[in-house]
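A.B. asks: Once you've had a glance at the structure underneath, I'll fire off some questions.
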Amino acid sequence: MKKMMLALIMGLTVLSSYGQERKDLVVSIATGQLTSPYYYKNTMGSFFSVDFDYHLSKRHILTANYSDGKHNYYDKYLQADPNTSRSDGTNTRASYRTFSILYKYQFLNSKIITGNIGAGAGIMTHIQRIITGYPASESNWSDLVFPARFELDYKISNSFRLGLIGGFYIHPDYPILAYHLGPRIGYLIK
164 MKKMMLALIM GLTVLSSYGQ ERKDLVVSIA TGQLTSPYYY KNTMGSFFSV DFDYHLSKRH
224 ILTANYSDGK HNYYDKYLQA DPNTSRSDGT NTRASYRTFS ILYKYQFLNS KIITGNIGAG
284 AGIMTHIQRI ITGYPASESN WSDLVFPARF ELDYKISNSF RLGLIGGFYI HPDYPILAYH
344 LGPRIGYLIK
């Protein structure tokens with residue numbers, strides 16, 4: 164399944180590259196806040212993201228993304244001692260490492276501001292680690308995830324962009340696994 168999805172994405176990329184209006188690449192990094200509505204006593208965490216946006220045409224973008232984020236929550240099932248928790252009421256850290264491919268549509272394209280909305284598919288490694296009590300415990304798994312994204316960018320110069328990135332991850336077993344929001348900076352390579 165993974166090989167078939169990768170072959171399909173590569174085939175679409177190669178076929179769509181013929182006769183392109185633009186062949187720009189924007190490399191961007193972002194950081195900000197990450198949270199999850201799924202977990203009990205969830206606290207806000209942080210995320211880091213690297214994007215490679217390949218502009219297929221004026222409004223169509225293909226993105227390769229790597230994201231890494233974490234937050235804390237209370238897990239009553241993994242905890243060895245149910246009376247042990249941190250001062251914020253949490254006892255477990257959830258970490259997410261995601262590689263995904265997204266298609267984005269540029270719905271706003273003025274001289275100074277651009278806006279994109281997109282969705283895609285990827286592989287997420289999810290790590291749950293007990294951070295209080297003894298014995299220490301950890302579980303992890305990797306699975307398919309569907310990222311959705313909204314971006315606004317302000318063009319500082321012909322090459323640099325400052326913006327805001329927000330989105331969420333949909334997992335087949337959870338409704339929405341995590342939300343993220345934060346600033347980003349990008350550099351255009353022509």
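Under this note's numbering, the letters of the sequence shown match residues 164 to 353, in that order. Where is the CB? At the ideal position from N, CA and C, for every residue including glycine.
Classify Lys233 as helix, strand or coil using the three-state DSSP reduction.
C.D. replies: Correct three-state label for Lys233: strand.
A.B. asks: Could you give the first and the last residue of the continuous beta strand (DSSP E) run that contains Arg347?
C.D. replies: DSSP places Arg347 in the uninterrupted beta strand (DSSP E) bounded by 337-352.
A.B. asks: How far does the beta strand (DSSP E) with Asp316 in it extend, from its first residue to its last?
C.D. replies: It spans 301-318 - the beta strand (DSSP E) in which Asp316 sits, taken as one unbroken run.
A.B. asks: Quick one: complete beta strand (DSSP E) runs, 3+ long, within the region 184-219?
C.D. replies: 188-198, 206-218
A.B. asks: Taking Asn279 as the reference, which of His334, Lys267, Leu307 has the closest Cα?
C.D. replies: Closest by alpha carbon: Lys267.
A.B. asks: Look at the alpha carbon of His159 and the alpha carbon of Asn205, and state the distance between them as a whole number of angstroms.
C.D. replies: Absent from the structure is residue 159, since the part of the chain shown begins at 164 and ends at 353.
A.B. asks: Please state the DSSP three-state secondary structure of Lys267.
C.D. replies: In the structure shown, the three-state DSSP call for Lys267 is strand.
A.B. asks: Around the C-beta of Leu225, are 16 or more other C-beta atoms found within 10 angstroms, so that it is buried, or is it exposed?
C.D. replies: buried
A.B. asks: Quick one: what's Ser273 bridged to in DSSP?
C.D. replies: Answer is none; Ser273 lacks a bridge partner.
A.B. asks: Under the assumption that Asp187 contacts Lys318 (Cβ atoms under 8 Å), give the Cβ distance between them as a whole number of angstroms.
C.D. replies: Wrong, their Cβ atoms sit about 13 Å apart, outside the cutoff.
A.B. asks: Can you tell me which of Gly345, Ser300, Tyr350 puts its alpha carbon nearest to the alpha carbon of Phe323?
C.D. replies: Tyr350
A.B. asks: Round the Cβ separation of Leu344 and Gly195 to the nearest angstrom and send it over; I've been treating them as touching at under 8 Å.
C.D. replies: Contact flag correct, Cβ pair sits at about 5 Å.
A.B. asks: Applying the 10 Å Cβ sphere with the 16-neighbour rule, what's the burial state of Asn235?
C.D. replies: buried
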